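Structure first, then comments.
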Amino acid sequence: MAPLLEVRNLTVAFDTPSGTVHAVNDVSYTIEEGETLGIVGESGSGKSVHALSMVGLIATPPGRIVRGEVVFNGRDLLKLSQRELLDLRGKEIGFVFQDPMTSLNPVLTVERQIAEPLKRHFGMTSAQARARVIELLELVGIPDAARRAGQYPHEFSGGMRQRVMIAIGISCNPKLLIADEATTALDVTVQAQILDLVRDLKRKIGTTVIWITHDMGVVAGLADTVQVMYGGRIMERGPVRSVFHDPRSAYTWGLLKSLPHGGKRGVTRLYQIPGNPPDLTRDPIGDPFAPRNPFATDRCKVETPPLVDAADSVAGHKVAAWYDLRAALATQEARP
Amino acid sequence: MSETLSARQQPLVSVNRLCKTYGGEKSFFGGATPLLKAVNNVSFEIAAGETLGLVGESGSGKSTTGRVLLQLEQPTSGEISFKGNNITGLSKPMLKPYRRDMQIIFQDPYASLNPRMTVGEFVGEPLDVHRLATSRSEREDRVAGLFRKVGLDPAFMKRYPHEFSGGQRQRVNIARAIALDPAFIVADEPITALDVSIQAQIVNLFQDLQDELGLTYLFIAHDLSMIRYLCHRVAVMLRGRIVEVGPCEAIFENPQHPYTRALLSAIPVPDPDIERNRRPVSFDVNANIPPEAAVLRPVGEGHFVLEA
Chain A
766 MAPLLEVRNL
776 TVAFDTPSGT
786 VHAVNDVSYT
796 IEEGETLGIV
806 GESGSGKSVH
816 ALSMVGLIAT
826 PPGRIVRGEV
836 VFNGRDLLKL
846 SQRELLDLRG
856 KEIGFVFQDP
866 MTSLNPVLTV
876 ERQIAEPLKR
886 HFGMTSAQAR
896 ARVIELLELV
906 GIPDAARRAG
916 QYPHEFSGGM
926 RQRVMIAIGI
936 SCNPKLLIAD
946 EATTALDVTV
956 QAQILDLVRD
966 LKRKIGTTVI
976 WITHDMGVVA
986 GLADTVQVMY
996 GGRIMERGPV
1006 RSVFHDPRSA
1016 YTWGLLKSLP
1026 HGGKRGVTRL
1036 YQIPGNPPDL
1046 TRDPIGDPFA
1056 PRNPFATDRC
1066 KVETPPLVDA
1076 ADSVAGHKVA
1086 AWYDLRAALA
1096 TQEARP
Chain B
48 MSETLSARQQ
58 PLVSVNRLCK
68 TYGGEKSFFG
78 GATPLLKAVN
88 NVSFEIAAGE
98 TLGLVGESGS
108 GKSTTGRVLL
118 QLEQPTSGEI
128 SFKGNNITGL
138 SKPMLKPYRR
148 DMQIIFQDPY
158 ASLNPRMTVG
168 EFVGEPLDVH
178 RLATSRSERE
188 DRVAGLFRKV
198 GLDPAFMKRY
208 PHEFSGGQRQ
218 RVNIARAIAL
228 DPAFIVADEP
238 ITALDVSIQA
248 QIVNLFQDLQ
258 DELGLTYLFI
268 AHDLSMIRYL
278 CHRVAVMLRG
288 RIVEVGPCEA
298 IFENPQHPYT
308 RALLSAIPVP
318 DPDIERNRRP
328 VSFDVNANIP
338 PEAAVLRPVG
348 EGHFVLEA
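For the protein sequence lines, the chains are A and B, in the order given.
Here the working numbering = 1-based position in the first sequence + 765.
Here the working numbering = 1-based position in the second sequence + 47.
What follows is the structure, given as structure tokens:
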């Protein structure tokens, strides 16, 4: 069966006064129907920009899709007109963004905002839409849905607002839901509730999900496949268990190692990845993580490693690295 | 609680029954604006060289506590003592000598830098305000020393903030905060806005500076994830009250308040085998606002829990 989404060689640049920013470089991957793909990366990794550019949501200019194809359900999204994209967004591909405070319109009731895509895409009447809005609010766990539908965003707490955002995202039963740092602005206890809700929704409606986050812990609990991005490239991807338990990219390894693991003050020191995030105005040559990678070889600095199958790992586990992380770690351990 | 601590040694910072309320003013039409108790009867002490973690979610009053503690805002009631002197409500000139000793680092390293000042000028500014450098070259030298202390190349002194990454900017802020050799620093979520790969660097820098300079920290955070690496003791805040306070180990190994348990269990674990089978403890803040009459009761050595 063909994958639901296939991204091929997607490359996105921004022309800015301080030079061309190479935000996304040659990104290729597929996502199957029903799969949850967790995309992990830091600011500037290209994780959000690549998702936005797939559906025409980056400003052009300064943004520019240099090359690539994004085949969704048999159509190349990058070739669609604005009109076709409008028909697609919200209907076939739903979105949930980070900040529910700025993404919701403060002067419209929650009902109007959830009903808008329903009316636009399905031509529902107000009464039909209202019934569906209440059903959606109940689905995302908002109590007293009929009354709450008539309220304004400021009358909701942060967590409840994010539930409203999720209700909008799934309102038209999209084939694909893209959530971009959807729980980052929330308190940790509220984040836990929202993640529970998403797992629950996955069971109920089986949507394919791309969950973009900087938090490895969130991905560990949610994703089937994890994709680690850095400097506009995919560094590693694969089934979540193999990537977390047997990482092959020095970046994934460093990220996991630098997280707090129940160590104690004065007893354990946190591992720190040296250096600073890459300057994306530089020409994207070589492994973008090489300057911070203690295991980098000379080749890493001059030649970009392709994303290939990781040796002796499970199917689908891929890594972009010229060095052999397992061998390097073994030598490091053997050293006195 | 204050008896047990003061018996040992005089604390560097001590906060007694601190309250900060907003609103409550009579409006023109006679009604009153709603009264919000942002900080409600909060007391704690911090010993010299100690790091106290102050943890709570948005609206818990943790940042307000930090700001009132430094007299950036006046408390509604309560007392703040620094090195044994009551500094509550001191006038600006009277406060100035204390200001040298007490610094703050903010969450957003972008917003807290001045975009029109080179980072060297920015770090050296406190030296000018307090007239601590007698010549230009002495000032340069001291700023260069500060840059090295926080892991920045002194060659960057002539550059502007926009040329730096988030982690580097936070290092600049830290350099400015330690410029006057303070005894005490309030760090208000200093790593929250930073990239994951940079957070560990800054956490380690905080610890190195404490070891080297004998600093005392109030480290404010919205979750408990990094607290164990940084703090000797932790206080957990909920809606303006401290609901649990104790040594770090006691809080992590033997949390007593349901909110502390919920906070601990809400941290996602970066291991799919654990994270997938974990059920976080749920806690509805609105249904569990601490009753006014509740008091902190001892449950262990230096470990207190708010109980009605």
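Think of the CB as a built atom: it goes at the ideal place given N, C-alpha and C, for glycine as much as any other residue.
The model shown is predicted, which means the values in this text are computed figures rather than measured ones.
Alpha carbons only, please: which of B:120, B:131, B:99, B:157 is nearest the one belonging to residue 139 of chain B? Checked all of B:120, B:131, B:99, B:157; the closest Cα to residue 139 of chain B is B:120.
Closer than 8 Å at the beta carbon, the chain A residues around residue 295 of chain B: Simply 1029, 1030.
Segment limits, beta strand (DSSP E) that includes residue 354 of chain B: Where residue 354 of chain B is concerned, the enclosing beta strand (DSSP E) stretches over 350-354.
Would you say residue 866 of chain A reaches chain B, if we count a Cβ-Cβ gap shorter than 9 Å as a contact? False, the Cβ-Cβ gap to chain B never drops below 9 Å.
Pairs of beta-carbons, one from the region 795-807 of chain A and one from the region 837-849 of chain A, closer than 8 Å: are there three or more? Contact check between the region 795-807 of chain A and the region 837-849 of chain A: fewer than three CB pairs, one atom from each, fall below 8 Å, which does not count as touching.
DSSP puts residue 778 of chain A in a beta bridge; with which residues? DSSP output for residue 778 of chain A lists A:787, A:829 as bridge partner(s).
Are the C-beta atoms of residue 250 of chain B and some chain A residue less than 9 Å apart? Taking a beta-carbon distance threshold of 9 Å, residue 250 of chain B counts as an interface residue toward chain A.
Alpha-carbon to alpha-carbon, residue 924 of chain A and residue 891 of chain A: A direct Cα-to-Cα measurement between residue 891 of chain A and residue 924 of chain A gives close to 27 Å.
Pairs of beta-carbons, one from the region 880-895 of chain A and one from the region 950-958 of chain A, closer than 8 Å: are there three or more? Per the Cβ contact rule, the region 880-895 of chain A is not in contact with the region 950-958 of chain A (fewer than 3 Cβ pairs under 8 Å).
State the Cα-Cα distance for the pair residue 256 of chain B and residue 313 of chain B, rounded to the nearest angstrom. The C-alpha of residue 313 of chain B is placed about 30 Å away from the C-alpha of residue 256 of chain B.
Mind checking the region 262-287 of chain B against chain A and listing, in chain order, the residues whose C-beta falls within less than 9 Å of any C-beta there? Listed in sequence order: 269, 270, 271, 272, 273, 274, 275, 276, 277, 278, 279.
Verify the CB distance criterion: does residue 50 of chain B have a CB-CB separation below 9 Å to chain A? A caution first: residue 50 of chain B carries a pLDDT of 42, below 50, which makes its placement in the model too unreliable to give a value.
Extent of the continuous beta strand (DSSP E) to which residue 931 of chain A belongs: Note, residue 931 of chain A: premise wrong, no beta strand (DSSP E); alpha helix (DSSP H) at 923-935.
For residue 1025 of chain A, name the three-state secondary structure that DSSP assigns. Coil at residue 1025 of chain A, not helix or strand.
Would you please verify whether the beta carbon of residue 1037 of chain A is less than 9 Å from any beta carbon of chain B? For residue 1037 of chain A, the answer is yes, since a Cβ of chain B falls inside 9 Å of its Cβ.
Element boundaries [alpha helix (DSSP H), containing residue 111 of chain B]: For residue 111 of chain B, the enclosing alpha helix (DSSP H) starts and ends at 109-116.
Cβ shell of residue 944 of chain A (< 6 Å), same chain only, five flanking positions each side left out: So the list reads 861, 976, once near-sequence residues are dropped.
Give me the Cα-Cα distance between residue 254 of chain B and residue 260 of chain B, rounded to the nearest whole angstrom. When rounded, the distance between both Cα atoms is 10 Å.
List, in order along the chain, the chain B residues whose C-beta lies closer than 7 Å to that of residue 1034 of chain A? Ordered by position in chain B, the residues that pass the 7 Å Cβ test against residue 1034 of chain A are 251.
Is the region 204-220 of chain B touching the region 120-133 of chain B, taking contact as three or more C-beta pairs under 8 Å? A contact between stretches requires three or more CB pairs, one per stretch, nearer than 8 Å, and the region 204-220 of chain B fails this requirement with the region 120-133 of chain B.
With 7 Å as the limit, tell me which residues of the region 208-226 of chain B have their beta carbon closer than that to any beta carbon of chain A; keep them in chain order. Result list: 212, 214, 215.
Is DSSP giving residue 1087 of chain A helix, strand or coil here? Coil at residue 1087 of chain A, not helix or strand.
In chain A, which residues lie less than 8 Å from residue 323 of chain B when you measure between Cβ atoms? Chain A residues near residue 323 of chain B: 985, 986.
Report the residue from A:1053, A:875, A:1012 whose alpha carbon sits nearest the alpha carbon of residue 318 of chain B. Residue 318 of chain B has its Cα closest to that of A:1012, out of A:1053, A:875, A:1012.
Quick check on the burial criterion: 16 or more other C-beta atoms within 10 angstroms. Buried or exposed for residue 242 of chain B? When all chains shown are included, residue 242 of chain B counts as buried.
How is the beta strand (DSSP E) around residue 884 of chain A delimited, first residue to last? Where residue 884 of chain A is concerned, there is no enclosing beta strand (DSSP E), although the alpha helix (DSSP H) around it starts and stops at 875-887.
Give me the chain B residues within the contact set of residue 979 of chain A, using Cβ-Cβ distance strictly less than 9 Å, ordered along the chain. Chain B residues near residue 979 of chain A: 242, 243.
Roughly how many angstroms lie between the CA atoms of residue 1065 of chain A and residue 999 of chain A, to the nearest whole one? The straight-line gap from Cα to Cα measures roughly 15 Å.
Using the beta-carbon of each residue, which ones in chain B are nearer than 9 Å to residue 982 of chain A? Correct list: 272, 314, 315, 316, 317, 318, 322.
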